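Engineer:
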DNA sequence: GATACATTTCCATTTCTCTAGAAATATGGA
DNA sequence: TCCATATTTCTAGAGAAATGGAAATGTATC
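Residue numbers (the numbering used here), protein chains in the order written: chain A, 141 to 258; chain B, 141 to 258.
Okay, here's the thing in structure tokens:
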């Protein structure tokens with residue numbers, strides 16, 4: 141992961157509404173959640189929500205698919221894991237004994253056990 | 141960890157110079173590094189560096205101690221671990237099989253193996 | 001094609017953040 | 001006490017981000 145990508149992802153999460161949205165989508169799992177439902181749950185006007193969803197999308201932290209009239213947003217677990225990896229990358233002078241990298245991906249549990257980063 | 145604390149910590153890290161400073165201190169370990177040396181390494185004017193160090197300090201991500209004329213800054217590993225925990229907290233609907241929380245602390249390797257969060 | 005619905009884009013306003021020179025503060029040594 | 005060093009606080013200007021109403025876009029249904 142590049143430094144600029146990390147800053148973009150951290151900036152995207154460093155805002156109360158967006159952190160709420162992201163965590164909601166992390167909870168929602170691979171099913172995702174339509175934009176309208178997100179706005180309803182968090183009490184955000186549609187234009188405001190759309191702005192924040194766009195920020196999260198440009199940071200690579202969420203993706204979406206269309207289903208009828210709705211856009212279903214879902215968390216991008218790989219991006220979250222890459223960010224966690226970046227933050228802990230230089231930790232403990234590379235000693236794995238004191239440094240366990242967090243991995244979280246409901247769709248690839250097998251990969252998670254092997255470790256995503258090589 | 142409170143949501144507002146998480147936003148503060150993420151905001152602190154969501155800036156190129158501060159991310160550089162934090163990672164440098166994570167590398168430096170418990171010895172820490174004097175402010176002057178940080179500024180020299182990253183090419184930051186003293187007032188600018190001081191502003192960023194203050195942001196990191198207010199976010200609880202770094203602490204400092206005085207040694208003679210120098211202020212030695214060091215990473216607060218517990219705060220970083222708390223943030224990683226917060227981001228992955230609602231992951232995988234609580235299923236521990238797909239969700240391992242990252243832990244990193246050179247000074248408490250034993251605690252790390254037990255897991256810091258209860 | 002007309003209408004309803006879901007969501008986005010446009011826009012202006014307000015608010016927060018970054019930057020770095022200059023002055024102030026704290027410490028140590030002559 | 002006086003000077004050098006290390007770092008902070010003060011300050012103001014420039015730039016970026018957040019907000020939400022109104023209008024536009026895309027999709028489905030009749």
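Glycine is no exception: its CB is placed at the ideal position from the N, C-alpha and C atoms. As the structure is a computational prediction, the values presented were derived from the model and not from experiment.
#1: Can you list the residues of chain A that residue 156 of chain B reaches, using a CB-CB cut of under 8 Å?
#2: Is the separation between the beta-carbon of residue 184 of chain A and that of residue 173 of chain A shorter than 8 Å?
#3: For the region 159-190 of chain A, enumerate the residues whose C-beta is nearer than 7 Å to any C-beta of chain B, in chain order.
#4: Any beta-carbon of chain A closer than 8 Å to the one on residue 257 of chain B?
#5: Residues in its own chain within less than 7 Å of residue 212 of chain A by CB, not counting five upstream and five downstream?
#6: Which residues in the same chain have their Cβ closer than 8 Å to the Cβ of residue 192 of chain A, if we skip the five residues on either side of it in sequence?
#7: In chain order, what residues of the same chain have a beta carbon less than 7 Å from the beta carbon of residue 181 of chain B, not counting five sequence neighbours either side?
#8: State the start and end residues of the unbroken alpha helix (DSSP H) segment that holds residue 148 of chain A.
#9: Mind listing the chain A neighbours of residue 196 of chain B? Cutoff is C-beta to C-beta under 7 Å, in chain order.
#10: List in chain order: all unbroken beta strand (DSSP E) runs of 3+ residues lying wholly within the region 181-215 of chain B.
#11: If you draw a straight line from the C-alpha of residue 250 of chain B to the C-alpha of residue 231 of chain A, how long is it?
#12: Starting from the C-beta of residue 190 of chain A, find all residues in its chain whose C-beta is less than 8 Å away, skip the five residues before and the five after it, and write them out in chain order.
#13: Can you find a CB in chain A that lies within less than 8 Å of the CB of residue 220 of chain B?
#14: If you check the beta carbons only, do residue 214 of chain B and residue 168 of chain B fall under 8 Å apart?
#15: Which residue from A/209, A/188, A/208, A/199 puts its Cα closest to that of residue 141 of chain A?
#16: Following the continuous alpha helix (DSSP H) through residue 228 of chain B, name the residue where it begins and the one where it ends.
#17: Just the Cα atoms here: how many angstroms apart are residue 144 of chain B and residue 228 of chain B?
#18: Got a sec: is the Cβ-Cβ distance from residue 224 of chain B to anything in chain A below 8 Å?
#19: Determine whether the Cβ of residue 211 of chain A lies closer than 8 Å to any Cβ atom of chain B.
#20: Between which residues of its own chain and residue 148 of chain A is the CB-CB distance below 7 Å, once the five residues before and five after are set aside?
#21: Just to check my reading of the structure: residue 196 of chain A and residue 152 of chain A have Cβ atoms closer than 8 Å, yes? What is that Cβ distance to the nearest angstrom?
Structural biologist: From the atom records:
#1: If you number the second chain from 1, residue 156 of chain B lands on position 16. Chain A residues near residue 156 of chain B: 143, 144, 147.
#2: Reading the first chain from its first residue, position 44 is the one you call residue 184 of chain A. Reading the first chain from its first residue, position 33 is the one you call residue 173 of chain A. Not a contact, by the Cβ cut-off of 8 Å.
#3: 159, 163, 166, 167, 169
#4: The residue given as residue 257 of chain B occupies position 117 in the second chain. Caution is warranted here: a pLDDT of 37 is assigned to residue 257 of chain B, below 50, making its placement in the model unreliable, and the coordinate value is therefore given only provisionally. Not an interface residue.
#5: Looking up residue 212 of chain A in the first chain gives position 72. Once the five neighbours on either side are set aside, the close Cβ partners of residue 212 of chain A are 172, 173, 174, 204, 205.
#6: In the first chain, residue 192 of chain A corresponds to position 52, counting from 1. Cβ within range, chain order: 155, 157, 158, 161, 184.
#7: As a position in the second chain, residue 181 of chain B is number 41, starting the count at 1. Cβ within range, chain order: 164.
#8: Locating residue 148 of chain A in the first chain gives position 8, where the first residue counts as 1. Here the alpha helix (DSSP H) through residue 148 of chain A covers 143-153.
#9: Here residue 196 of chain B refers to the residue found at position 56 of the second chain. Per Cβ cutoff of 7 Å: no residues; residue 196 of chain B is ~13 Å from chain A at best.
#10: 202-207, 210-215
#11: Counting from 1 along the second chain, the entry for residue 250 of chain B is found at position 110. Counting from 1 along the first chain, the entry for residue 231 of chain A is found at position 91. Only weak support is given to the placement of residue 250 of chain B: the predicted model assigns it a pLDDT of 34, under 50, and the question is left unresolved by the model.
#12: As a position in the first chain, residue 190 of chain A is number 50, starting the count at 1. These residues qualify, in order along the chain: 175.
#13: In the second chain, residue 220 of chain B corresponds to position 80, counting from 1. Yes - at least one Cβ of chain A is within 8 Å of the one on residue 220 of chain B.
#14: Locating residue 214 of chain B in the second chain gives position 74, where the first residue counts as 1. Locating residue 168 of chain B in the second chain gives position 28, where the first residue counts as 1. Their beta carbons are under 8 Å apart, which means residue 214 of chain B touches residue 168 of chain B by this criterion.
#15: Counting from 1 along the first chain, the entry for residue 141 of chain A is found at position 1. Answer by Cα proximity: A/199.
#16: For this step, residue 228 of chain B is matched to residue 88 along the second chain. Here the alpha helix (DSSP H) through residue 228 of chain B covers 217-228.
#17: Along the second chain, read from residue 1 onward, the residue named residue 144 of chain B stands at position 4. Along the second chain, read from residue 1 onward, the residue named residue 228 of chain B stands at position 88. Whole-angstrom Cα-Cα distance: 16 Å.
#18: The residue you call residue 224 of chain B lines up with position 84 of the second chain. Yes, residue 224 of chain B counts as interfacial toward chain A.
#19: In the first chain, residue 211 of chain A corresponds to position 71, counting from 1. So no, residue 211 of chain A is outside the interface.
#20: As a working mapping, residue 148 of chain A is identified with position 8 in the first chain. Same-chain partners within the cutoff: 199.
#21: As a working mapping, residue 196 of chain A is identified with position 56 in the first chain. As a working mapping, residue 152 of chain A is identified with position 12 in the first chain. Correct: roughly 5 Å between the Cβ atoms.
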